[in-house]
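Contents: one structure, followed by commentary.
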Amino acid sequence: MSVKSNIGNRFQTAVVPVKALAFAKSRLADRLNAEQRIALSLNLLKHVLGVVTNCSLDEVIVLGRDQQVASMADVWGVNFIEDEGRGLNQELKAVFDCLSEQNKSCIYIAADLPLLCVDDIEKMIGMSNNCEVTTICPSDRDSGTNGLLVPAGSALRPCLGKSSYAMHKYLSGLLRTKYAVCHSVGWGIDLDVSSDLDRILEIQPDFGDRILGPTTNGDISK
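Using the numbering used here, read the sequence shown as starting at 73 and increasing by one per residue.
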C-alpha cells in the first residue's frame, strides 16, 4: 500500500470505497438492468470525485477492485488502492491504519451520494474543528453512516453495516473521545434501493437524465 507522505498534523485524506461492479446496486435490480447498475455506480463515483477534488481535502484515495474504477481514479488525479477482498471494514481498517501511522486524519466517504456537494464536506470538516473531533455523517434511511471523519491518532475505525451510526457513537464512547454529528441532505441520501431513487428524483427531477441516461453509460471522463 502506498500513499503520499505526511505534510502536516492536520493532513486530511478521504477514502472512497467502491463495491465490485459485478455486484453493483443489486437492490435496484427491479428498476435497472446489470449494465445500467454498473453505469450508475460509475456515474455516482464520478459525482463524488468531482466534489472531493474541489474542496479543502489534501488527498483522496479510491479503494476498489475494478479496472474501470482504477482508470477513473487516474483520470481524476487521485490515488487508487486495490481492494484485497477481506470485506469492507477490514479493507478500510488497513487503509486507516496506514494513514494513521503517517499522522493523517482519515475521512470515509460513501461512493453513492448523488446530492453530496462541496459545502457538505466543508461542513463536516468545520464541525470536526479542523479534524480534531470525530465527526459522523448518518444516513437518513437506515441508520447507517455515509461519512466518518477520524482524527489523526484516534483508534476509531469504520464499522459499517446495519445501525453503524449508533455503533460509531458507541465506539467513540468506549474510546472516551468526543464526537460531532453532521446532518445534511447531501450526506443523508445514498442510493441503494428503489425508494432512494424515487426520493432523489423528487428533489432533482433531472437526475435520471444526468446519472441514469444512456449518454452517460459509465463514461469515466471528467
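Built from N, CA and C at the ideal position, the CB exists for glycine as well. All values reported here derive from a predicted model rather than from experimental measurement.
Under DSSP, the alpha helix (DSSP H) around residue i begins and ends at which residues?
{"i": "C170", "result": "L160 to E173"}
{"i": "A57", "result": "In the structure displayed, the chain extends from 73 to 294; residue 57 sits before or after that span and is not available."}
In the DSSP assignment, find the beta strand (DSSP E) that holds residue i and state where it starts and stops.
{"i": "I261", "result": "No beta strand (DSSP E) contains I261, which DSSP labels as neither H nor E."}
{"i": "A252", "result": "Y251 to V253"}
Less than 9 angstroms between the beta carbons of residue i and residue j, yes or no?
{"i": "C296", "j": "V222", "result": "Since the first residue of the chain shown is 73 and the last is 294, residue 296 is not available in this structure."}
{"i": "L269", "j": "R109", "result": "no"}
{"i": "L100", "j": "S226", "result": "no"}
{"i": "S235", "j": "S215", "result": "yes"}
{"i": "D264", "j": "D146", "result": "no"}
{"i": "P230", "j": "N161", "result": "yes"}
{"i": "L121", "j": "M144", "result": "yes"}
{"i": "A92", "j": "D138", "result": "yes"}
{"i": "L164", "j": "V123", "result": "no"}
{"i": "V205", "j": "Y251", "result": "yes"}
{"i": "T125", "j": "G157", "result": "no"}
{"i": "Q84", "j": "C209", "result": "no"}
Given that a residue counts as buried once 16 or more other Cβ atoms are within 10 Å of its Cβ, and exposed if not, what is residue i?
{"i": "L171", "result": "buried"}
{"i": "S98", "result": "exposed"}
{"i": "P153", "result": "Residue 153 is actually Ile in this sequence, not Pro. Looking at its Cβ environment, which holds 16 or more other Cβ atoms inside 10 Å, I153 is buried."}
{"i": "D281", "result": "exposed"}
{"i": "F95", "result": "exposed"}
{"i": "Y242", "result": "exposed"}
{"i": "I275", "result": "exposed"}
Do you know whose CA, among the options, lies nearest residue i's CA?
{"i": "P89", "options": "R213, C189, F83 and G219", "result": "G219"}
{"i": "L232", "options": "G159, R248, N105 and I197", "result": "G159"}
{"i": "I197", "options": "D212, S143, Y180 and G157", "result": "Y180"}
{"i": "P186", "options": "R82, P277 and V87", "result": "P277"}
{"i": "E173", "options": "G149, Y251, A224 and A238", "result": "A224"}
{"i": "L246", "options": "Y237, L228 and A252", "result": "L228"}
The region 249-259 touching the region 192-210, judged by at least three CB pairs closer than 8 angstroms:
yes
Between the region 107-122 and the region 133-148, are three or more C-beta pairs nearer than 8 angstroms? yes
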